[in-house]
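Asks: Chains B and R, in that order, are what the protein sequence lines are. Counting in this note's numbering, the first sequence runs from 24 upward without gaps. Counting in this note's numbering, the second sequence runs from 24 upward without gaps. Shown below is the structure under consideration.
There are 2 protein chains.
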Amino acid sequence: MKNCDEEELHEERLRRALDKMPSDENIEEMGLRFKALSESSRLKILLALSDGELCVEHITEAIGGNQSAVSHQLRILKDNRIIKCRRSGKKILYSISDWHIMTIIELSKEHLNCNE
Amino acid sequence: MKNCDEEELHEERLRRALDKMPSDENIEEMGLRFKALSESSRLKILLALSDGELCVEHITEAIGGNQSAVSHQLRILKDNRIIKCRRSGKKILYSISDWHIMTIIELSKEHLNCNE
DNA sequence: TTTTAATATGAATATGTATTCATATGATAA
DNA sequence: TTATCATATGAATACATATTCATATTAAAA
Numbered sequence: 024m025k026n027c028d029e030e031e032l033h034e035e036r037l038r039r040a041l042d043k044m045p046s047d048e049n050i051e052e053m054g055l056r057f058k059a060l061s062e063s064s065r066l067k068i069l070l071a072l073s074d075g076e077l078c079v080e081h082i083t084e085a086i087g088g089n090q091s092a093v094s095h096q097l098r099i100l101k102d103n104r105i106i107k108c109r110r111s112g113k114k115i116l117y118s119i120s121d122w123h124i125m126t127i128i129e130l131s132k133e134h135l136n137c138n139e
Numbered sequence: 024m025k026n027c028d029e030e031e032l033h034e035e036r037l038r039r040a041l042d043k044m045p046s047d048e049n050i051e052e053m054g055l056r057f058k059a060l061s062e063s064s065r066l067k068i069l070l071a072l073s074d075g076e077l078c079v080e081h082i083t084e085a086i087g088g089n090q091s092a093v094s095h096q097l098r099i100l101k102d103n104r105i106i107k108c109r110r111s112g113k114k115i116l117y118s119i120s121d122w123h124i125m126t127i128i129e130l131s132k133e134h135l136n137c138n139e
């Protein structure tokens, strides 16, 4: 009966998919990166930094909300090595360190604007 | 003093970044998409489906865990219009509907494997 | 029509996460 | 050294999310 062929096709597909499935560890890490991009405030921070480094005050100004919340989000992005920081006088300047991530954000931005 | 120029440079940068900042609504939507990719089980489901449609039983087999958990995650992916489904006999076959998302996952997979 | 197979759903629980407030830190300026 | 400015941190709260278990749904088979 027809279902048997389909069944075999699907099993074959499943095998292929499992073969090229990344390790649990890698999948976990991919998930963590996407999670870092899953909150509006963090996305805004990254978009604000895409033209170059900014101090916390300016970042706070750019995304609205209070300074403490921004600092907490900056920490998450830094812990994920998506941004880095350096001191300059009294200010701490943050900047993008992982440009792969920015590529992904740009891609996603394009898809959103052009295709939906 | 040197800090003044830097200050102006940064204000200018901030202005430029804000100018090309997507709307809150768009940023929100980007965040939602990334959130859908932020859990290992969902990523695994999408990777498993990247070779073609599969029924829930096979998906469950592919990612481990129990059927109910998989159904819940399938629902989230479907609500986000990342996957779709159709019935075939007794089975419900799920498949990718948003190939943009798969491009993003592939990109992220490459970055993970090659550059870190 | 009744039974069975495959999947979906709801409630409960546990865990994770963002935000706020108050305060600590740490470098600089006085 | 002391005071001040910019940022970071911790605790508390409120909200979101994943997972499990038990059960509902629905199409197909008997």
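Idealized CB from N, CA, C, for every residue including glycine.
Which of the residues in the stretch 66–77 of chain R, read from start to end, lie with their CB under 9 Å from any CB of chain B?
Replies: So the list reads L66, K67, L70, A71, L72, S73, D74, G75, E76, L77, given in the order they occur along the chain.
Asks: Pull up the CB-CB distance for N103 of chain R and R56 of chain R, whole angstroms please, since I reckon it's below 8 Å.
Replies: Right, their Cβ atoms sit about 7 Å apart.
Asks: Helix, strand or coil: which one does DSSP assign to K114 of chain R?
Replies: Strand at K114 of chain R.
Asks: Pick helix, strand or coil for N26 of chain R, following the three-state DSSP scheme.
Replies: Residue placement at N26 of chain R is flagged as unreliable, the pLDDT there being 44, under the threshold of 50; the coordinate-derived value follows with that caveat. Looking at N26 of chain R - three-state DSSP - the assignment turns out to be helix.
Asks: By the 10 Å Cβ neighbour count, where 16 or more other Cβ atoms means buried, how is K67 of chain R classified, buried or exposed?
Replies: K67 of chain R is buried by the Cβ-count criterion.
Asks: Looking at I105 of chain B: is its Cβ nearer than 8 Å to the Cβ of I124 of chain B?
Replies: Cβ distance < 8 Å, so I105 of chain B and I124 of chain B count as in contact.
Asks: Going by the CB atoms, is the gap between L135 of chain B and M44 of chain R shorter than 8 Å?
Replies: The answer is no: Cβ separation not under 8 Å.
Asks: Measure the Cβ-Cβ separation of L70 of chain R and A40 of chain B and say whether it is below 8 Å.
Replies: Contact flag set, yes.
Asks: Using the rule of at least 16 other Cβ atoms within 10 Å of the residue's Cβ for burial, across every protein chain shown, is E139 of chain B buried or exposed?
Replies: In this predicted model, E139 of chain B has a pLDDT of only 44, less than 50, meaning its place in the structure is not dependable; the value taken from the coordinates is given anyway. Classification for E139 of chain B: exposed.
Asks: Below 8 Å between beta carbons: does that hold for L37 of chain B and C78 of chain B?
Replies: No.
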